[in-house]
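Peer 1: For the sequence shown, the working numbering begins at 22 and goes up steadily by one.
In this text, a Cβ means the ideal position worked out from N, Cα and C, and glycines have one as well.
Computed from a predicted structure; not experimentally measured.
This is the structure I have questions about; it appears just below.
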Amino acid sequence: MGTDARTRPDSTAESSRPRRLARAFLAATLAVHATLAAAVYIDARDRDPSGPAWAAATLATGLVGVVGYLRRR
């Protein structure tokens with residue numbers, strides 16, 4: 022009653038899919054945070070001397086930083 026190689030699922034292919042999805046999600050999250058931080062920095066550059074701080078906050082927190090910046094603006 023051994024398992025036949027043709028019917029046995031490929032465990033490496035199944036375990037690598039969640040990793041690829043996680044990497045894709047993290048890459049997309051980083052891209053969105055970087056884009057938002059750049060937009061906040063560009064807008065804050067002329068309005069607020071603490072533009073780099075708002076960009077860093079946005080890079081770290083994403084939409085929370087954008088909302089905080091917009092409320093303060």
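If Leu57 sits next to Val87, beta carbons under 8 Å apart, how far is it from one beta carbon to the other, in whole angstroms?
Peer 2: In the sequence shown, the residue the question calls residue 57 occupies position 36. In the sequence shown, the residue the question calls residue 87 occupies position 66. With 8 Å as the limit, Leu57 and Val87 qualify as a contact, their Cβ atoms being about 5 Å apart.
Peer 1: Along the chain, where does the alpha helix (DSSP H) containing Gly89 start, and where does it finish?
Peer 2: Here the question's residue 89 lines up with position 68 in the sequence shown. 84-93 is the span of the alpha helix (DSSP H), which, as asked, contains Gly89.
Peer 1: Under 8 Å by Cβ, that's how I've got Arg68 and Arg94 pegged, so tell me the actual separation to the nearest angstrom.
Peer 2: Taking the first residue of the sequence shown as 1, we reach residue 68 at position 47. Taking the first residue of the sequence shown as 1, we reach residue 94 at position 73. Confirmed, Cβ separation roughly 7 Å.
Peer 1: Helix, strand or coil for Pro70 per DSSP?
Peer 2: Within the sequence shown, residue 70 is the residue found at index 49, counting from 1. The answer is coil: DSSP assigns Pro70 none of H, G, I, E or B.
Peer 1: Are the beta-carbon atoms belonging to Tyr62 and Ala81 less than 8 Å from one another?
Peer 2: Working through the sequence shown from its first residue, we reach residue 62 at position 41. Working through the sequence shown from its first residue, we reach residue 81 at position 60. Result no, Cβ atoms of Tyr62 and Ala81 do not sit closer than 8 Å.
Peer 1: Identify, in the order they occur along the chain, each residue of the same chain with its Cβ nearer than 6 Å to the Cβ of Tyr90, setting aside the five sequence neighbours on each side.
Peer 2: Start at 1 with the first residue of the sequence shown, and residue 90 comes out as number 69. So the list reads Val61, Trp75, once near-sequence residues are dropped.
Peer 1: Going by the beta-carbon positions, is the gap between Val53 and Gly83 smaller than 8 Å?
Peer 2: Taking the first residue of the sequence shown as 1, we reach residue 53 at position 32. Taking the first residue of the sequence shown as 1, we reach residue 83 at position 62. The answer is yes: Cβ separation under 8 Å.
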